[in-house]
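Asks: In our numbering, each residue carries its 1-based index in the sequence shown increased by 32.
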Amino acid sequence: MKREDSIVHARNGRVSKAAGLKLNGAHNGQVERHRKYTLITGGAGFIGSNVADRLLREGQDVIVYDNLSRRGASTNIEWLTSNHGSHVQVEMGDIRDATRMHSLARHAREVFHFAAQVAVTTSFEDPRADFEINVGGTLNLLEALRSQSSPPPVVFTSTNKVYGSLRDLRVRPNGTRYQPASWSLKFGIDEARQLEFHSPYACSKGAADQYVLDYARSMGLPAVVFRMSCIYGPRQLGTEDQGWIAHFLNRAISGQPLTIYGDGKQVRDVLFITDLVDALLLAQERMSEIVGEAFNIGGGVANTLSLLELLAIIRKLQGILPSINMGKWRAGDQKYYVSDIRKFRALTRWSPRVSMRQGIAELYRWLCEHGGRRDAQGAGELPIHLVRRITSPDQEESLGKCDEARNDERRA
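1) Who pairs with Cys-400 in a beta bridge, going by DSSP?
2) Could you spell out where the beta strand (DSSP E) holding Glu-164 opens and where it closes?
3) Buried or exposed for Glu-123, please, with buried defined as at least 16 other CB atoms from any protein chain shown within 10 angstroms of its CB.
4) Rounded to a whole number of angstroms, what is the C-alpha to C-alpha distance between Met-388 and Thr-306?
5) Report yes or no: do the stretch 241 to 253 and the stretch 266 to 281 share at least 3 C-beta pairs separated by less than 8 Å?
6) Could you tell me which of Ile-263, Ser-231, Arg-103, Gly-287 sits nearest to Leu-337, measuring between CA atoms?
7) Who are His-457's beta bridge partners in DSSP?
8) Run through the stretch 264 to 351 for me and flag every whole beta strand (DSSP E) of 3 or more residues, listed as ranges in chain order.
9) Is the CB-CB distance between Gly-104 and Phe-146 below 8 Å?
10) In terms of alpha-carbon separation, which member of Asn-357, Ala-255, Cys-400 lies closest to Leu-26?
11) Quick check on the DSSP output: the alpha helix (DSSP H) that includes Glu-110 runs from which residue to which?
12) For Lys-193, count the other beta carbons within 10 Å of its own beta carbon; 16 or more makes it buried, fewer makes it exposed. Which is it?
13) Applying the 10 Å Cβ sphere with the 16-neighbour rule, what's the burial state of Glu-142?
14) Tell me the residue span of the alpha helix (DSSP H) that contains Ile-95.
15) Does DSSP put Ile-373 in a helix, in a strand, or in coil?
16) If you draw a straight line from the alpha carbon of Val-299 to that of Arg-204, how long is it in whole angstroms?
17) Give me the Cα-Cα distance between His-59 and Phe-229, rounded to the nearest whole angstrom.
18) Taking the alpha helix (DSSP H) that Glu-228 falls in, what are its first and last residues?
19) Could you check what DSSP says for Gln-366 in three-state terms: helix, strand or coil?
20) Below 6 Å CB to CB, which residues in the same chain sit around Pro-183 once its five sequence neighbours on both sides are set aside?
21) Any idea what DSSP makes of Met-388, helix, strand or coil?
22) Identify every residue that forms a DSSP beta bridge with Met-124.
23) With a cut-off of 8 Å, do at least 3 Cβ pairs link the stretch 104 to 113 to the stretch 127 to 135?
24) Counting C-beta neighbours from all protein chains within 10 Å, is the total for Gly-332 16 or more, i.e. buried, or is it exposed?
25) Using 8 Å for Cβ pairs, my map puts His-119 next to Val-94. What's the rounded Cβ distance?
26) If you check the beta carbons only, do Phe-521 and Val-257 fall under 8 Å apart?
27) For the beta strand (DSSP E) holding Ile-356, just list the boundary residues, first then last.
28) Start and end of the beta strand (DSSP E) containing Ala-84?
29) Do Val-152 and Tyr-233 count as a contact pair if the criterion is CB distance below 8 Å?
30) Go ahead and label Leu-340 buried or exposed: buried means 16 or more other beta carbons lie within 10 angstroms of its beta carbon, across all protein chains shown.
31) Would you tell me roughly how many angstroms separate the C-alpha atoms of Gly-80 and Thr-70, rounded to the nearest one?
32) CB Gly-330 to CB Leu-303, shorter than 8 Å?
33) For a test of the three-state rule: what should DSSP assign to Arg-202, helix, strand or coil?
34) Is Phe-219 helix, strand or coil by DSSP?
35) So the alpha helix (DSSP H) Ala-130 belongs to, where does it begin and stop?
36) How many Å lie between Ser-216 and Asn-99 at the Cα?
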């Protein structure tokens, strides 16, 4: 299909269709259903658009349901429709609309539920909206599926925030990161960990998590839950609240200052988007064997990264550090969270395949093509001993600036 030089705009509940895009507006409930399709709520987002692309490349029909409220959503829709034409159908709407959810779910072959309010800070600013979207919207979908004689399987993406701040875990600083003081965490945090919600966002996602599991247990709905750690990769722009790797890289590329909350030694396991897509599709394929289960999904102990260590990678990529300011610790922030992924691995033989270094370099190249300009700036208010540590002489030579990455991409 020829790429159209146009974009979808959504304002005040109205949709202006770009040429060539098959898009139904918020008040058009008529969906063409010549055959079964995969329904992806939040399908214009980072994860949703990558899942949609994989399924479409496999020849499946996909309906993307999204309100296009997030940055980059319209661009993702244009990308999907330009590459896949009529095999993807875009429905603009909100998961709080129970009637639309019933209509869309009626002929779905399978469902991926990604639509959510995803920012911790926003949940404090408007906890009611956070609840209505994350809990009410999920309940709308579950009821739409339950009403069918043969409900399609659904995979729901939850969050590691359901485990709370983890302040009872003993950790100690070790150079540029925190590490567990106990060998009991050598594989990370497993699913037996008690749930503990420390923000309105954690409450709403945790409640939705439990609703999905209980609909599987009590009502026979084929469903599983992924409690995800940090996911990153192309089509992610990132913010301070979500997508921190993309956020750090994008700020560095555009020459904007970064704020590190806490001391920067916080550790997360990170998972590249293609590995997550593999896991999501495997969950659908193996649904009969794993129904009603929750899984911690991330890069695991082999793919862990602290904020300071990401700065070191940025230093290698850019040849210079961005300006950095230090902020206070944020409420509920975990000093150490690494997913124990052995449960899902044992049942499906899934394992991350993209190395952290390879994945970050790929995201960097993508952001160079789609992000802002680069401005050389200094290391700002980052303590000098940490600057020395992450820019030590034994580091590898810079992997190249954005201009070099763009040239490499063009040559490829």
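Quick reminder that beta carbons are idealized off the backbone N, C-alpha and C, glycines included.
Replies: Reading it off the structure:
1) For the purposes of this step, residue 400 is taken as the residue at position 368 of the sequence shown. Answer is none; Cys-400 lacks a bridge partner.
2) If you number the sequence shown from 1, residue 164 lands on position 132. Per DSSP, Glu-164 lies in no beta strand (DSSP E) and is assigned neither H nor E.
3) On the sequence shown, position 91 is the one that residue 123 refers to. Per the 10 Å Cβ criterion, buried.
4) On the sequence shown, residue 388 is found 356 positions in, with the first residue counted as 1. On the sequence shown, residue 306 is found 274 positions in, with the first residue counted as 1. Each residue's Cα considered, the two are about 12 Å apart.
5) No, the stretch 241 to 253 does not touch the stretch 266 to 281.
6) Stepping through the sequence shown from its first residue, residue 337 is reached at position 305. The shortest CA-to-CA distance from Leu-337 to any of Ile-263, Ser-231, Arg-103, Gly-287 is the one to Ile-263.
7) Beyond the ends of the chain as shown, which are 33 and 444, falls residue 457; an answer cannot be given.
8) Considered as a whole, the stretch 264 to 351 harbours 290 to 293, 299 to 304, 326 to 329, 336 to 338 as its complete beta strand (DSSP E) runs of no fewer than 3 residues, in chain order.
9) For this step, residue 104 is matched to residue 72 along the sequence shown. For this step, residue 146 is matched to residue 114 along the sequence shown. Using a Cβ distance threshold of 8 Å, Gly-104 and Phe-146 do not count as a contacting pair.
10) A question about residue 26 goes unanswered here, because the residues of the chain that appear run from 33 up to 444.
11) Within the sequence shown, numbered from 1, the residue matching residue 110 stands at position 78. First-last of the alpha helix (DSSP H) with Glu-110: 105 to 116.
12) One-based indexing of the sequence shown puts residue 193 at position 161. Residue environment analysis places Lys-193 among the buried positions, since at least 16 neighbouring C-beta atoms fall within 10 angstroms of its C-beta.
13) The sequence position of residue 142 within the sequence shown is 110, counting from 1. Result: buried.
14) Here the question's residue 95 lines up with position 63 in the sequence shown. Careful: Ile-95 lies outside any alpha helix (DSSP H), inside the beta strand (DSSP E) at 94 to 98.
15) For this step, residue 373 is matched to residue 341 along the sequence shown. Taken through DSSP and simplified to helix, strand or coil, Ile-373 comes out as coil.
16) Numbered from 1 along the sequence shown, position 267 holds the residue referred to as residue 299. Numbered from 1 along the sequence shown, position 172 holds the residue referred to as residue 204. Taken atom to atom, the span from the alpha-carbon of Val-299 to that of Arg-204 is near 11 Å.
17) Residue 59 sits at position 27 when you count from the first residue of the sequence shown. Residue 229 sits at position 197 when you count from the first residue of the sequence shown. Since pLDDT at His-59 reaches only 34, below the 50 mark, its modelled position is unreliable, and the value read off the structure follows with that caveat. His-59 and Phe-229: Cα-Cα distance of roughly 36 Å.
18) Looking up residue 228 in the sequence shown gives position 196. Counting along the chain, Glu-228 sits inside no alpha helix (DSSP H), nor does DSSP assign it H or E at all.
19) Locating residue 366 in the sequence shown gives position 334, counting from the first residue. Judged by DSSP in its simplified three-state form, Gln-366 adopts coil rather than helix or strand.
20) Taking the first residue of the sequence shown as position 1, residue 183 is located at position 151. Here the set comprises Leu-177, Leu-253.
21) Position 356 of the sequence shown, counted from the start, is the residue given in the question as residue 388. The three-state reading of DSSP puts Met-388 in helix, counting H, G and I together.
22) Within the sequence shown, residue 124 is the residue found at index 92, counting from 1. Met-124 has Asp-98 as its beta-bridge partners, per DSSP.
23) Contact between the stretch 104 to 113 and the stretch 127 to 135 is absent, because fewer than three Cβ pairs lie under 8 Å.
24) Along the sequence shown, read from residue 1 onward, the residue named residue 332 stands at position 300. Per the 10 Å Cβ criterion, buried.
25) What you label residue 119 is simply residue 87 of the sequence shown in a count that begins at 1. What you label residue 94 is simply residue 62 of the sequence shown in a count that begins at 1. Indeed, because the Cβ distance is near 7 Å, the residues count as touching under 8 Å.
26) This structure cannot settle anything about residue 521, because the visible part of the chain is limited to 33 through 444.
27) Taking the first residue of the sequence shown as 1, we reach residue 356 at position 324. If you look at Ile-356, you'll find it in the beta strand (DSSP E) that goes 356 to 359.
28) Indexing the sequence shown from 1 puts residue 84 at position 52. Here Ala-84 belongs to no beta strand (DSSP E); instead the alpha helix (DSSP H) covers 78 to 89.
29) Numbered from its first residue, the sequence shown carries residue 233 at position 201. Numbered from its first residue, the sequence shown carries residue 152 at position 120. Yes.
30) As a first step, residue 340 is located in the sequence shown; it is residue number 308 there, counting from the start. By the 10 Å Cβ count, Leu-340 comes out buried.
31) One-based indexing of the sequence shown puts residue 80 at position 48. One-based indexing of the sequence shown puts residue 70 at position 38. Taking C-alpha positions only, Gly-80 is separated from Thr-70 by approximately 11 Å.
32) Stepping through the sequence shown from its first residue, residue 330 is reached at position 298. Stepping through the sequence shown from its first residue, residue 303 is reached at position 271. Contact flag set, yes.
33) If you number the sequence shown from 1, residue 202 lands on position 170. Here Arg-202 sits in coil by DSSP.
34) Numbered from its first residue, the sequence shown carries residue 219 at position 187. Coil at Phe-219, not helix or strand.
35) Walking along the sequence shown from the start, residue 130 turns up at place 98. Start and end: 130 to 137.
36) As a first step, residue 216 must be located in the sequence shown, where it is residue number 184. As a first step, residue 99 must be located in the sequence shown, where it is residue number 67. Rounded to whole angstroms, the gap between the alpha carbons of Ser-216 and Asn-99 is 43 Å.
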